[in-house]
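Protein chains in written order, with our numbering: chain A, 23 to 170; chain B, 23 to 170.
Since the structure comes first, as structure tokens, the remarks are kept for the end.
Protein chains: 2
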Amino acid sequence: MHEDELDRRLEHFKEVCRHEGLKLTHQRMVIFEEVAKSRDHPDADTVFKSVRDKVPTVSLDTVYRTLWMLNAMGLITTVGPPREKVRFDGDVSPHHHFVCSRCGAVYDVHGPAFGPIQAPDEIEGIGQVESVRLELRGRCRRCASQIE
Amino acid sequence: MHEDELDRRLEHFKEVCRHEGLKLTHQRMVIFEEVAKSRDHPDADTVFKSVRDKVPTVSLDTVYRTLWMLNAMGLITTVGPPREKVRFDGDVSPHHHFVCSRCGAVYDVHGPAFGPIQAPDEIEGIGQVESVRLELRGRCRRCASQIE
DNA sequence: GCATATATCGGAACAGTTCCTAATTAGTAA
DNA sequence: TTACTAATTAGGAACTGTTCCGATATATGC
């Protein structure tokens, strides 16, 4: 990534914070920068260790809080569903899932609209695909109809 | 689900166990039946509680061991990536991920082959889709080239 | 039935994440 | 600059989901 791009993201981050009335603490900036410039999808502990090199007293809690905050603000994303326990499915036929982000309910989606998903050619250079998992997230009907 | 279908699955399960030299314990059958007949993607604790009604002394460990075994045998599947910690991604542009099931490395997949994924009409009746997550799993090049 | 490899139970251990509270700090206004 | 205040942090305890461990029990093959 270009130095410029990182600066641009940092500036955007500051802007969003100001706009949301969030304080621009040193910790937050270092944590954001760490994820923004990383290319290897680090876990929380990895971020924690990197940040600690620059801010020795930072706590793991702060790292977690900040990461989820950044995620909520759309400044970073996560790989895999956040904070959920494993669930099992007796149906092994090819299908996908809709997970309600509010109540956690899981709905099967068999709809043929997707068809059998095929990996793009790019994958060739990365590895051998063994399974494809498609997960839709959102608010289910029941939750959507309830007042917040 | 028809009673027949459940019986068929149970019979298939027994067959696979025999073929693999796995013992057909009462616990295993009850656990498998519980997941096979469920329609709501239960978590391990839910399965545990259901099974306990029929086998009061069953342990949570047995439930977990059995569920992962069933998963490994392809008799059930999981929702969401199993046994992994959350990882973060500073890239918020639309893209997907390839996760190596052996070393855990995550690779970005931007390939246009997928295009913007669209939810099937079936979704209309389920809820409002807020995000779509596509995850490819398999063995990455580096791992594939190593002797097991 | 007997032998034995396999599976189970129960509880302790573990890992990742979140909670709690006193102390600190960024932003704001005088 | 200084003082004020609400937001944020550090550190460690607590929590949750999952796995490990060792003694006991059991399914299967003979």
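We put the CB at the ideal spot given by N, CA and C, even for glycine.
(message) Give me the residue from A:Ile53, A:Val131, A:Ala66 and A:Arg87 with the minimum Cα distance to A:Lys76.
(response) For the purposes of this step, residue 76 of chain A is taken as residue 54 along the first sequence, with counting starting at 1. The shortest Cα separation from A:Lys76 among A:Ile53, A:Val131, A:Ala66 and A:Arg87 belongs to A:Ile53.
(request) Taking C-beta pairs closer than 8 Å, name the residues in chain B that A:Arg161 reaches, listed in chain order. (result) Counting from 1 along the first sequence, the entry for residue 161 of chain A is found at position 139. Those within 8 Å of A:Arg161 in chain B are Gly149, Gln150 and Glu152.
(message) Considering only their Cβ atoms, is the gap separating B:Phe120 from B:Cys162 smaller than 9 Å?
(response) To locate residue 162 of chain B, count along the second sequence from 1; it is residue 140. To locate residue 120 of chain B, count along the second sequence from 1; it is residue 98. Yes, they are a contact pair.
(message) At the level of alpha carbons, what is the spacing between A:Arg11 and A:Asn93?
(response) A query on residue 11 of chain A cannot be resolved here, the shown segment of chain A reaching from 23 to 170 and no further.
(request) Please compile the residues from chain A whose C-beta is within a distance smaller than 8 Å of the C-beta of B:Phe120. (result) If you number the second sequence from 1, residue 120 of chain B lands on position 98. Within chain A, the residues whose beta carbon sits less than 8 Å from that of B:Phe120 are Ile145, Ile148, Gly149 and Val151, listed in sequence order.
(request) Determine the contact status of B:Gln150 and A:Ala127, defining contact as a CB-CB distance below 9 Å. (result) Residue numbering aside, residue 150 of chain B sits at position 128 when the second sequence is read from its first letter. Residue numbering aside, residue 127 of chain A sits at position 105 when the first sequence is read from its first letter. No, Cβ-Cβ distance for B:Gln150 and A:Ala127 is not below 9 Å.
(message) Given a cut-off of 9 Å on the beta-carbon distance, is the pair A:Val154 and B:Leu156 in contact?
(response) Numbered from its first residue, the first sequence carries residue 154 of chain A at position 132. Numbered from its first residue, the second sequence carries residue 156 of chain B at position 134. For A:Val154 and B:Leu156, yes; Cβs fall inside 9 Å.
(request) Quick one: residues in its chain with C-beta nearer than 7 Å to the C-beta of A:Ser72, no 5 flanking neighbours on either side, listed in chain order? (result) Within the first sequence, residue 72 of chain A is the residue found at index 50, counting from 1. Taken in chain order, the residues that qualify are Glu56.
(message) Between A:Phe70 and chain B, is the shortest Cβ-Cβ distance under 9 Å, so that the two count as touching?
(response) In the first sequence, residue 70 of chain A corresponds to position 48, counting from 1. Not a single CB atom of chain B sits nearer than 9 Å to the CB of A:Phe70.
(request) Report the partner residues of A:Phe174 according to the DSSP bridge assignment. (result) The displayed coordinates of chain A run from 23 to 170. Any statement about residue 174 of chain A would go beyond what the structure contains.
(message) List, in chain order, every chain B residue whose beta-carbon is nearer than 8 Å to that of A:Ala43.
(response) Taking the first sequence and counting its residues from 1, one reaches residue 43 of chain A at position 21. The question names Ala, but residue 43 of chain A in the sequence shown is Gly. Here the premise fails: no neighbours, minimum Cβ distance about 22 Å.
(message) For A:Val99, which residues in the same chain have their Cβ closer than 7 Å to its Cβ, ignoring the five residues on either side in sequence?
(response) Numbered from 1 along the first sequence, position 77 holds the residue referred to as residue 99 of chain A. A small correction: the amino acid at residue 99 of chain A is Thr; Val does not occupy that position in the sequence shown. For A:Thr99, same chain residues with a beta-carbon under 7 Å away, outside a window of 5 residues either side, are Asn93 in chain order.
(request) Would you kindly work out how many angstroms separate the C-alpha atoms of A:Ala135 and A:Val101, rounded to a whole number? (result) Start at 1 with the first residue of the first sequence, and residue 135 of chain A comes out as number 113. Start at 1 with the first residue of the first sequence, and residue 101 of chain A comes out as number 79. With a pLDDT of 49 at A:Ala135, under the threshold of 50, the modelled position of this residue cannot be trusted; read the value that follows with caution. Distance between the alpha carbons of A:Ala135 and A:Val101: 25 Å.
(request) Compare the C-beta of B:Glu25 against all C-beta atoms of chain A and say whether one is closer than 9 Å. (result) As a working mapping, residue 25 of chain B is identified with position 3 in the second sequence. So, not an interface residue.
(message) Distance check for A:Lys59 and A:Phe35, CA to CA, integer angstroms please.
(response) Looking up residue 35 of chain A in the first sequence gives position 13. Looking up residue 59 of chain A in the first sequence gives position 37. The alpha-carbon separation between A:Phe35 and A:Lys59 amounts to approximately 13 Å.
(message) Just verifying my parser: in three-state terms, what is the DSSP assignment at B:Arg30?
(response) As a working note, residue 30 of chain B is residue 8 in the second sequence. In this structure, B:Arg30 counts as helix in the three-state DSSP scheme.
(request) Give me the Cβ distance between B:Val114 and A:Leu158, rounded to the nearest whole Å; I'm assuming they're in contact under 8 Å. (result) Here residue 114 of chain B is taken as the residue at index 92 of the second sequence, counted from 1. Here residue 158 of chain A is taken as the residue at index 136 of the first sequence, counted from 1. The Cβ separation is near 18 Å, so there is no contact.
(request) Kindly indicate the opening and closing residues of the beta strand (DSSP E) around B:Thr100. (result) What you label residue 100 of chain B is simply residue 78 of the second sequence in a count that begins at 1. For B:Thr100, the uninterrupted beta strand (DSSP E) run begins and ends at Thr99 to Val101, by DSSP.
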